[in-house]
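So the structure is just underneath, and the comments pick up after that.
Protein chains in written order, with our numbering: chain S, 785 to 1139; chain L, 6 to 323.
Quick look at the structure:
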């Protein structure tokens, strides 16, 4: 299996030459979704005058992230904090409202569909719900052949088939599954097929949007290990979206914690789990149930996550933060690098008020 | 290393015939006598229409075979009938059975042709509107609204009358079939466009479409290769209803004198030609083609009903 695995990847070596530069760089990324409908629905009478009113959901508000080659960056955060939006914007499924995305130094968020094609091959996505991510009217063989044919139109029929066989074997599915349809398989099997589809074009970067949350617990570990093996064998870089902290500890090399569309802390996994700095991260970590805890010391956060329609001023976390002061209510904190390799966006940590 | 397990074994793949035999479609068909009867009648109709040149005792289009002296003969069960004309004859002396067979053929051609045109326009516009959204969606859907605000018959009457006035009755008669297909097809495409658009909107949000987009597939391929096959069941269902509707529209137009000419009658124009004689006792010229039309439309509608029940997952999966 080893020689078939290494042969069809001619471009992988040259793209890894430019070291030091992050593979993916996100700068000041923002994404707003309009709530107000079309132009006519935005017109309102106010005080006898016709005014145009627009409301937006601020899904992500200025996210900065860097992903180095070969690492597995996990993005965690509660529901609605914008982690999936980051993934979909990176993959070009959504257009960012502001900010830029660079892939291997090249800006990709404003490229045309045609100019994006080489990056489509290098970046692939794995989706959350394996029941929806396979086209129900296509056989597995068709599903897997489609991306290969698209990106390698010059390949012979036999070569395409060989590539499909290779990728099916590498995710542990039998070659005779090819003639079947997606609905004939269980969730774990389907997710393997979806992973095979992503790996079929030999990508170097994979965005995985909660790829195991929809799976049975007994299958989750299998699929997670499959993703880790693929990372090792194929030199993959991951942007891994999840809300499962156990998965993060097992899988991630670095972790980014998001809250209400902002990154509050980025740190190497071990550092983050050992010494969380940001008050939100600390609360999050304290919520992990542990066997040895007889009297768990949860940090209780007051109140609810504010609505992303009307963002709070200053730090998005200030209303629930036990350490917030006047500066937190006015000034938006930036990510500041620390000596232990982490970056924290918190005035309190910067000033040394919080240890 | 729990992942690199040996490839999992799956049960043997059923053949195409086995899949059909085990399908819910066939299962429900076998338990629905109305559907069986409707399909039987429909198949008989189509077979008769297709084989009309061989089945019919005479060719009603051939003037040499028509005997004007044998006009208005009653069907066989009434005194004064001629055994050569089982269903009697019409006012021009054409054998009614032959004329009905040929007429059913014309009606079915127009019905299916118009529906094919509606489906083509409606599917393309519906896919474009649903998938691309935005201004294209707004434009196409407003166009559909405008189109629907004119009734089919009104559009058909205006277009038919215009063509007749501009090119003359002779030209209209020569191109009556393609013209009727065009008129009825153009008047009813919004039915398809709306249905397809609704299904596309539902499918578009599913992750397999996102997967196809992240792959870099062109929109055309995503629309026709990925989304369209998943919107086929509602298209099938409205198609059956629309065939029946198109046949009725054609019959109505012919009855108004804007459809098929008397020399190449459809069921509708046969009904019309006999209508003048209904008072003089020759009721069969109108009533027999009328009954045929009703039965034809009824079985198509019954089949459509059955198909809608079978393909509606809410009715059998719950």
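The beta-carbon is built from N, C-alpha and C at its ideal position, and this holds for glycine as well.
Here the stretch 107-122 of chain L makes contact with the stretch 268-281 of chain L; the two share three or more CB pairs at distances below 8 angstroms.
Taking residue 1036 (chain S) as the centre and dropping the five residues before and after it, the same chain places the C-beta of 856, 858 and 1053 closer than 6 angstroms to its C-beta, in chain order.
A residue is called buried when at least 16 other Cβ atoms come within 10 angstroms of its Cβ; residue 1109 (chain S) does not meet this threshold and is exposed.
Under the Cβ distance rule, residue 843 (chain S) does not count among the residues neighbouring chain L, no pair being separated by less than 8 angstroms. Across the structure, residue 101 (chain L) and residue 94 (chain L) are spaced so that their CA atoms are roughly 5 angstroms apart. Listed by position along chain S, the residues whose Cβ is nearer than 7 angstroms to that of residue 72 (chain L) form an empty set, because the closest Cβ is around 57 angstroms away. Scanning L:92, L:36 and L:165 for the CA closest to the CA of residue 178 (chain L) turns up L:165. With 16 or more neighbouring CB atoms inside 10 Å of its own CB, residue 1056 (chain S) falls in the buried class. Within chain L, the residues whose beta carbon sits less than 7 angstroms from that of residue 920 (chain S) are 235, listed in sequence order. The DSSP-derived three-state label of residue 995 (chain S) is coil.
Taking a cut-off of 8 angstroms for Cβ pairs, the stretch 1002-1021 of chain S and the stretch 1039-1053 of chain S do not touch, as fewer than three such pairs fall below it. Taking C-beta separations shorter than 6 angstroms and ignoring five residues to either side along the sequence, the partners of residue 206 (chain L) in its chain run 135, following chain order. Put simply, the CB of residue 134 (chain L) is far from chain S, with every gap to its CB atoms at 8 angstroms or more.
For residue 856 (chain S), the enclosing beta strand (DSSP E) has its first and last residue at 856-860. Counting C-beta pairs with one atom in each stretch, the stretch 947-967 of chain S and the stretch 918-936 of chain S have three or more that are closer than 8 angstroms, which means they touch.
At a Cβ-Cβ threshold of 8 angstroms, residue 978 (chain S) and residue 947 (chain S) do not count as neighbours. In the same chain as residue 927 (chain S), and ignoring 5 residues on each side of it, the C-beta atoms closer than 8 angstroms to its own belong to 918, 919, 966, 977 and 981, in chain order.
Residue 934 (chain S) belongs to the set of residues whose beta carbon lies under 8 angstroms from a beta carbon in chain L. Taking the Cα of residue 842 (chain S) as reference, the smallest distance to any Cα among S:860, S:865 and S:836 is reached at S:865. Contact annotation: residue 33 (chain L) and residue 246 (chain L) have beta-carbon atoms that are not nearer than 8 angstroms. For residue 931 (chain S), the chain L residues whose Cβ falls inside 7 angstroms of its Cβ are 220, in order along the chain. Counted as a single uninterrupted DSSP element, the alpha helix (DSSP H) harbouring residue 1034 (chain S) occupies residues 1029-1035.
Of the candidates S:830, S:845, S:903 and S:1000, S:1000 places its Cα closest to the Cα of residue 912 (chain S). In chain order, 211, 212 and 213 make up the part of chain L whose C-beta sits under 7 angstroms from the C-beta of residue 916 (chain S). Residue-level contact check: residue 904 (chain S) touches chain L, since one or more beta carbons of chain L fall below 8 angstroms from its beta carbon. For the 8 angstroms CB-CB criterion, residue 80 (chain L) and residue 63 (chain L) do not form a contact. If you draw a straight line from the Cα of residue 1076 (chain S) to the Cα of residue 209 (chain L), it comes to about 47 angstroms. Residue 875 (chain S) has a beta carbon lying within less than 8 angstroms of a beta carbon in chain L. Along the length of the stretch 260-322 of chain L, whole alpha helix (DSSP H) runs at least 4 residues long occupy 272-280, 289-316 and 318-321, reported in chain order. Neighbours of residue 1019 (chain S) in chain L, taken as residues whose beta carbon is under 8 angstroms from its own, are absent, since the nearest beta carbon is some 18 angstroms off. Beyond the five residues adjoining it in sequence on each side, residue 189 (chain L) comes within less than 6 angstroms, by CB distance, of 119, 251 and 254 in the same chain, given in chain order. Residue pairing by DSSP places residue 818 (chain S) opposite S:840 in a beta bridge. Secondary structure at residue 957 (chain S): coil, using DSSP grouped into helix, strand and coil. Just measuring C-alpha positions, the residue of S:810, S:1090 and S:994 sitting nearest residue 1028 (chain S) is S:994. Residue-level contact by beta carbon fails for residue 124 (chain L) and chain S, as no gap is shorter than 8 angstroms. In summary, residue 916 (chain S) is buried, with 16 or more beta-carbon neighbours lying within 10 Å of its beta-carbon over all protein chains present.
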